[in-house]
Amino acid sequence: QVKYILENKTINFNNHYGAFPILHIIIFLISLVGISPLKAFLFFPQIFPIIGILFFYLFLRKYFEEKQCLFASFLIAVFSMHIYWSSQPVREALGLFFFPLIIYLFDKEIEKSSLLKKTLLFLSFLLLIMSHNWSTLMTLFFLFFYSIFFIKEKRVYALFLIGVFTALTLLYWKIVFD
């Protein structure tokens, strides 16, 4: 897919991998700086899950003590499937970044809404939708259950946001898979 973008300066939406172009676009942009696309593809995607763990930690800080948050972040970092997916240059690596980022931004938006938080949340969710399908579903399910069990005062607003995210997901999938 990156080679197709480099040669044609457009995204090939004609297959399943082209429907989720964010990783390919990132590698393409890195290659414009002068780094070989193969080197960029093999080494840069692994940075995203590491950053994602930081957002997971920041989210947990609201509910737990620092030692517990650090321990939970450590457990996620050494969890075999996290290592497996984050060590590969695949779309799942972006999902491991966007999942905790969106949870963190969603929590901050529900806590105290602002235009900046709302914009970052929507932009992150749109990028997640265009990054990986299973990560999008996992994020939607987590946000739904988080809203039901942990959000009391602004639950209707939280569920509204989840409804908007679900509609955006279904619309994107309808456009690229039809």
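In this note's numbering, the protein residues as written are 934 to 1111. Every residue gets a Cβ at the ideal spot worked out from N, C-alpha and C, and that includes glycine.
Over what stretch of residues does the alpha helix (DSSP H) that includes G985 continue unbroken?
-> Its alpha helix (DSSP H) spans residues 980–993.
With distances taken Cα to Cα, identify the nearest neighbour of Q979 among S1006, I968, H1015.
-> Measuring from the Cα of Q979, the nearest candidate turns out to be H1015.
Decide if the segment 1019–1039 is in contact with the segment 1063–1082; the criterion is three or more beta carbon pairs, one per stretch, under 8 Å apart.
-> The segment 1019–1039 makes contact with the segment 1063–1082: 3 or more CB pairs, one atom from each, lie closer than 8 Å.
Three-way DSSP call (helix, strand, coil) for A952 in this model | Of the three classes helix, strand and coil, the one that applies to A952 here is coil, per DSSP.
Cα-Cα separation, I984 to S1057 = Cα atoms of I984 and S1057: separation of roughly 14 Å, rounded to the nearest angstrom.
Locate the alpha helix (DSSP H) running through N941, then write down its first and last residues.
-> Counting along the chain, the alpha helix (DSSP H) containing N941 begins and ends at 935–941.
Near L1038, what residues of its chain come up, given a Cβ to Cβ distance below 7 Å and the 5 sequence neighbours on each side ignored?
-> K1050, L1053, L1054, S1057.
F1058 by DSSP, collapsed to three states: which one?
-> Helix at F1058.
According to DSSP, is G1096 helix, strand or coil?
-> Residue state, collapsed to three classes: helix.
To the nearest angstrom, how far is it from the Cα of S1006 to the Cα of K1000?
-> Their backbone Cα atoms lie some 10 Å apart in a straight line.
Could you have a look at I1084 and say whether DSSP puts it in helix, strand or coil?
-> If DSSP states are grouped into helix, strand and coil, I1084 belongs with coil.
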